[in-house]
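Working notes, beginning with the structure itself.
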Amino acid sequence: MNEAEWLACDNPTAMLGPVRETASDRKLGFFSVLCQWVLCPITSGDLEVYKAFEQALLSNAPGPALRVAAEQFAGYWEFDGTLWGFANYMAVRHAGHHPDKIRSFVLEVFGNPFRPVDFPSGWRTSTSVALASQMYESRTFDAMPILADALQDAGCNSDDILDHCRDPKQVHVRGCWVADLVLGKE
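With the first letter of the sequence shown counted as 1, position 94 gets the number 112 in my numbering; the numbers rise by one all the way through.
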């Protein structure tokens, strides 16, 4: 699959293919949480397990600890022991009913795998880091256009980054590829 095919793809599970080689366990975990949380809300009984998995993601837990948390979060779902398998399963599980949302989640968490973005440290200013941190903590990403302005003020000229921040149709969440770049997370 090339970039044009990927951008035009209406099969969200096929969109995951090109990110397989570069996606971190953390990113795959955030994608899985996003699919489950938004498309099939977690019951109050599962909330503690969800919070433990999310905390492992936020704390950049090492691979084995993250996989244990993922396995507990996955519960009765099919979990093959890899976060790639879990992310793919969640995409397949929800793609039939919510293909546009899954596609949006792929774009939000992974960005365009055919356009890796160089992120110079000079763009990581106190303002941009404060904005991204505040959005992560509050889970409110309304300030993404303001983050775009702060990045532009710092010299960012990447259309991919600026357009992602300013896209009024894009849902932004923890795991957003731009916010993660600003915060230095993988």
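Don't be surprised by glycine CBs; every beta carbon is placed ideally from N, CA and C.
Here the structure is a predicted model, which means the values were calculated and not measured.
query	result
Is GLY193 closer than 9 Å to PHE48 when the C-beta atoms are compared?	yes
Beta-carbon separation of LEU101 and LEU34 under 9 Å?	no
Can you say whether GLU23 is buried or exposed, counting buried as having 16 or more other CB atoms within 10 angstroms of its CB?	exposed
Among LYS69, GLN188 and LEU169, which one has its Cα closest to the Cα of GLY140?	LEU169
If contacts are defined as beta-carbon pairs under 8 Å, then THR40 and ALA109 qualify, I think. What distance do you get, rounded to the angstrom?	Between ALA109 and THR40 the Cβ distance is about 16 Å, and since that is not below 8 Å, they are no contact.
Please report the straight-line C-alpha distance between VAL56 and THR143, rounded to a whole angstrom.	31 Å
Could you work out which residue in HIS115, VAL189 and PHE71 is closest to VAL127 when comparing CA atoms only?	VAL189
Please report the straight-line C-alpha distance between HIS112 and ALA105, rounded to a whole angstrom.	11 Å
Have a look at HIS182 and LEU165 and give me their C-alpha separation to the nearest angstrom.	11 Å
Rounded to a whole number of angstroms, what is the C-alpha to C-alpha distance between TYR94 and TRP195?	Caution is warranted here: a pLDDT of 48 is assigned to TYR94, below 50, making its placement in the model unreliable, and the coordinate value is therefore given only provisionally. Going from the Cα of TYR94 to the Cα of TRP195 covers about 29 Å.
By alpha-carbon positions, which one of MET19, LEU25 and GLU72 ends up nearest to ASP43?	GLU72
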